[in-house]
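Participant: Would you mind keeping the following structure in view while I ask a few things?
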Amino acid sequence: MKYLNSIILAAVAAAAALACVSCGNAEREIAIEHKSLADSSQYARLSMDIELPSDIKGASGAIRSQLAEVVYDRMSQLSFEGDEKAYEPFSGDAADTDAMLGYFCSQTMKVLKEMTDADVASRNEYIAQDPDMTEEQKKEIIEEYPGWEYDYSIKKIGESPRYVVFLSQDYLYSGGAHGGVAGKGPLTFDKKDGHLVNQFFRPDCLEGMQPVLVAGLLRYYKECEVEMTESELKDHLFIEDNTIPLPSWAPYPTEEGLVFTYQQYEIASYAEGMPAFTVPYDQIGGFLSDEALTLLGL
């Protein structure tokens, strides 16, 4: 009996130790590898500023793989819409960060150069046919063409013992009045197994969340020194049926609460920036999905 008890106690101790190791792995801060790359041509400039988990195993490795896929998805669709890709995925060793990101940089630069060269050729042809301009004026305009700029980044912006948040963001300027910010936005990963948290809210929560969204946007505008009533806010925004939508970017968690960010033109003019605000958990807990409640320990 003593021998049996010893075996049972040893098994319990081993299980407890394993649980502690698992817990420790989740609580440990994820080590990050930071890479910056750049390339340019006569009319185009490309930059990449990328942070990826350095560990290729376990939950950290799973997060790294998903982020690498995000980089490819965004950069390979620079000139396309939908799911069409400008070039093939990286086929080398995914653990070789320099080779992988170098491939994305070189392939994207090829696409960007083709786009800018075609744009410049089109502009030159249009200006050459303008009968109201002198040759000197045409030459001056051509020499002053603004170049294109594409900047892509993935940066870690938050971490807790249970989750880690990366921000996927890109900026494209194509010679117009101004550029635009886009990207996948905040990506929140569960550190226990590395999966991406896709659903923060319960289904059909939008109507009930209207007071929360209104209050958050009123705070944003007040911080911008613009005072509004709820009625004035809804008249001002680009919305339908008097209903404020959830942002297309997923919210992300912080110690203070969930951060909401609307993209440029999503609900307001370009000049108004990217409206953002934080909602404390005690004001939004009733709308959160079971997955989010577990992740946040609520």
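In this text, residue positions in the sequence shown follow this note's numbering: the first is 854, and each later residue adds one.
Cβ atoms here follow ideal geometry from the backbone N, Cα and C, with glycine treated the same way.
(1) So Tyr-851 and Ala-1124 are in contact, right, with Cβ under 8 Å, and what is the actual spacing, rounded?
(2) What span of residues does the alpha helix (DSSP H) with Lys-992 cover, start to end?
(3) Does DSSP classify Val-1067 as helix, strand or coil?
(4) What residue ranges within the stretch 885-934 form continuous alpha helix (DSSP H) runs of no fewer than 4 residues, ordered along the chain?
(5) Below 8 Å between beta carbons: does that hold for Trp-1001 and Leu-965?
(6) DSSP has Trp-1001 in a bridge; who is on the other side?
(7) Measure the alpha-carbon distance for Cys-1077 versus Ile-1007 and round it to whole angstroms.
(8) Return the chain-ordered list of same chain residues with a C-beta closer than 6 Å to the C-beta of Ser-913, the five sequence neighbours on each side being excluded.
(9) Which stretch, first to last residue, makes up the alpha helix (DSSP H) that contains Val-1112?
(10) Counting Cβ pairs, one atom from each stretch, are 3 or more of them under 8 Å apart for the stretch 1004-1023 and the stretch 1053-1060?
(11) Using 8 Å for Cβ pairs, my map puts Pro-1106 next to Leu-1149. What's the rounded Cβ distance?
(12) Quick one: what's got a C-beta closer than 7 Å to Ala-870's C-beta in the same chain, skipping five residues either side?
(13) Which first and last residues belong to the alpha helix (DSSP H) in which Tyr-1134 is found?
(14) Can you tell which of Gly-1110, Leu-1090 and Thr-1114 has its C-alpha closest to the C-alpha of Ala-1121?
(15) Buried or exposed: where does Arg-881 fall if 16 or more other Cβ atoms within 10 Å of its Cβ makes it buried?
(16) Report buried or exposed for Glu-1060, applying the criterion of at least 16 other Cβ atoms within 10 angstroms of its Cβ.
(17) Please check the pair Val-1034 and Thr-1041, which I expect to be a contact at CB under 8 Å, by giving their CB distance rounded to whole angstroms.
(18) Check Phe-1054 in the structure and name its three-state DSSP category.
(19) Taking the C-alpha atoms as reference points, what is the distance between Met-986 and Met-968?
(20) Less than 8 Å between the beta carbons of Trp-1102 and Gln-1116, yes or no?
(21) Could you say which of Pro-1098, Asp-951, Lys-1044 and Ala-939 lies nearest to Glu-1012 if we only look at CA atoms?
(22) Can you tell me which residues form a DSSP beta bridge with Tyr-1016?
(23) I need the straight-line Cα distance from Cys-958 to Met-1081, nearest angstrom please.
(24) Which residue or residues does DSSP assign as beta-bridge partners of Gln-1022?
(25) Just list the residues that DSSP pairs Phe-1130 with in beta bridges.
Facilitator: Let me lay it out:
(1) The question about residue 851 has no answer, for the chain in this structure spans 854 to 1151.
(2) Residues 988-996.
(3) DSSP, reduced to helix, strand and coil, places Val-1067 within a helical segment of the structure shown.
(4) Qualifying alpha helix (DSSP H) stretches, in chain order: 911-928.
(5) Contact check for Trp-1001 against Leu-965 passes: the beta carbons are separated by less than 8 Å.
(6) In DSSP, Trp-1001 forms a bridge with Ala-897.
(7) Straight through space, the alpha carbons of Ile-1007 and Cys-1077 are spaced by roughly 27 Å.
(8) So the list reads Ile-883 and Pro-906, once near-sequence residues are dropped.
(9) Element bounds for Val-1112: not the alpha helix (DSSP H) but the beta strand (DSSP E), 1111-1114.
(10) No: fewer than three Cβ pairs fall under 8 Å.
(11) Right, the Cβ-Cβ distance comes to about 6 Å (below 8 Å), so this counts as a contact.
(12) Residue placement at Ala-870 is poorly supported in this model, since its pLDDT is 38, which falls under 50; the coordinates are not used for a value here.
(13) Start and end: 1134-1137.
(14) The shortest C-alpha separation from Ala-1121 is found at Leu-1090.
(15) By the 10 Å Cβ count, Arg-881 comes out exposed.
(16) Answer is exposed; the Cβ neighbour count stays below 16.
(17) Rounded, the Cβ-Cβ distance is 19 Å, inconsistent with contact.
(18) DSSP places Phe-1054 in strand when its eight states are reduced to three.
(19) Distance between the alpha carbons of Met-986 and Met-968 is about 26 Å.
(20) A Cβ-Cβ contact shorter than 8 Å links Trp-1102 with Gln-1116.
(21) Nearest neighbour of Glu-1012 by Cα position, chosen from Pro-1098, Asp-951, Lys-1044 and Ala-939, turns out to be Lys-1044.
(22) Partner(s): Asp-1043.
(23) When rounded, the separation of the alpha-carbon atoms in Cys-958 and Met-1081 is 45 Å.
(24) Looking at the DSSP assignment, Gln-1022 forms a beta bridge with Ser-1006.
(25) DSSP lists Phe-1113 as the bridge partner or partners of Phe-1130.
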